[in-house]
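Residue numbers (this note's numbering): 846 to 965.
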Amino acid sequence: MTTILESLNRGLRTCLEESDRVYVIGEDVLDPYGGAFKVTRGLSTDYPEHVITTPVSEAGIVGVGVGMALRGLFPVIEIMFGDFISLTVDQLINHAAKFRWMSNDQVRVPLVVRTPMGVR
């Protein structure tokens with residue numbers, strides 16, 4: 846049986862394999878730690894230029910991701926804990942979500958924000 850963790854890791858790995866525009870960014874995502882729940886374990890070893898660890902600043906992480914997306918990259922942003930997702934709202938609502946409409950559909954901001962949420 847495949848676990849959710851294994852499925853997420855495999856999905857990220859597939860994205861990194863299929864496109865050189867994909868980047869995984871977030872706190873402690875590098876090996877050997879591989880993120881708080883080990884979802885990114887092994888990815889920075891296999892894709893060292895495409896897995897980027899960040900300082901502890903959820904708004905900053907999403908802001909960097911928005912900038913990457915504006916430059917034509919596809920960031921997968923990991924927010925370590927779902928409890929901190931509200932710290933990213935300004936970047937998501939007032940930046941990422943509005944660029945398309947402010948640019949008359951000339952600019953898009955493709956990104957994924959991934960965070961664990963729920964109970965065991």
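Cβ atoms here follow ideal geometry from the backbone N, Cα and C, with glycine treated the same way.
Because the structure is a prediction, the values reported are computed rather than measured.
- In chain order, I870, P920, I922, L956 place their CB closer than 7 Å to the CB of G910, counting only its own chain and leaving out the 5 sequence neighbours on each side.
- Per DSSP, reduced to three states, the secondary structure at V909 is helical.
- Between the C-alpha atoms of G917 and V907 there is a straight-line separation of about 15 Å.
- DSSP links F919 through a beta bridge to V867.
- Cβ neighbours of Y878 within its own chain (closer than 7 Å, five residues either side excluded): none.
- For the pair R953 and R858, the Cα-to-Cα distance works out to about 24 Å.
- One Cα belongs to S902, the other to T885, and the distance between them is close to 19 Å.
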